[in-house]
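In our numbering, the protein residues as written are -17 to 259. Don't be surprised by glycine CBs; every beta carbon is placed ideally from N, CA and C. Here the structure is a predicted model, which is why all the values come from computation and not from measurement. Structure record follows, encoded as structure tokens.
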């Protein structure tokens, strides 16, 4: 029997953030078993905690969607850190945990129930006019200067004219999945500014990964923060990204845009149990 927790990341209230299933003792599970469990939970991501492979790390994390493994993802990273700290399985050293995953080492700052990850170095790539036109057709919406950002997962970031238009979007998910596979990207993250505020509304779509719409996407928002900094769109060093309203969630991400970009949020455990495998 293995302990498992269902954690909502980016919320202090159950059923409001983005859920992740965390298998706290995954030693002995093979890849096929992990894939089967991820399909069974049917969440956007399921994580598996393993001992660290390097003395500089506190633990190793493997992250699976229902369709396969990811090198890194934001909300599963924070939700897993919360589950481990809450269970007493790891203790932050000087307020920092270090996760090891396929992407590398990920430092996580822990302040009470606020977990903040430092985004890995990222690159903003070029996006052709042809790809822009295709994506706008799929979304049925004009985008302002879209561009891919590689944070391990690769997201195409695009700005929408206003929040109302963003929330009205109904993408053609079949065409979008095909588009993502063709460009070898993880998903699409779109944002719009709130008037007279530094805060933004965000939506993320990743149908090629089995996630039609991600309720609250940490890595997508990390890529978005990189994009906003690159484009000179961040007027303040910190802001709140709101995500999930369209799918009945209410996530809040605390974004810091300094020399290192930080993506943080509160987490709450909704369910504890044992996995019979």
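Distance from the Cα of residue 90 is smallest, within the candidate group 70, 220, 40, 233, for 40. With fewer than 16 other beta carbons inside 10 angstroms of its own, residue 240 counts as exposed.
In the DSSP assignment, residue 212 falls within the alpha helix (DSSP H) that extends over 200 to 213.
Using a Cβ distance threshold of 9 Å, residue 141 and residue 153 do not count as a contacting pair.
Collapsing the DSSP output to three states places residue 56 in a helix. In the DSSP assignment, residue 81 falls within the unbroken beta strand (DSSP E) covering 78 to 83.
Per DSSP, the continuous beta strand (DSSP E) segment holding residue 235 begins and ends at 233 to 239.
Collapsing the DSSP output to three states places residue 70 in coil. Put simply, of 114, 257, 11 the residue whose alpha carbon is nearest the alpha carbon of residue 33 is 11. A distance below 6 Å between beta-carbons, with the five flanking residues on each side excluded, links residue 95 to the following residues of its chain, in chain order: 248. If you draw a 10 Å sphere on the C-beta of residue 170, you find 16 or more other C-beta atoms in it, and that means buried.
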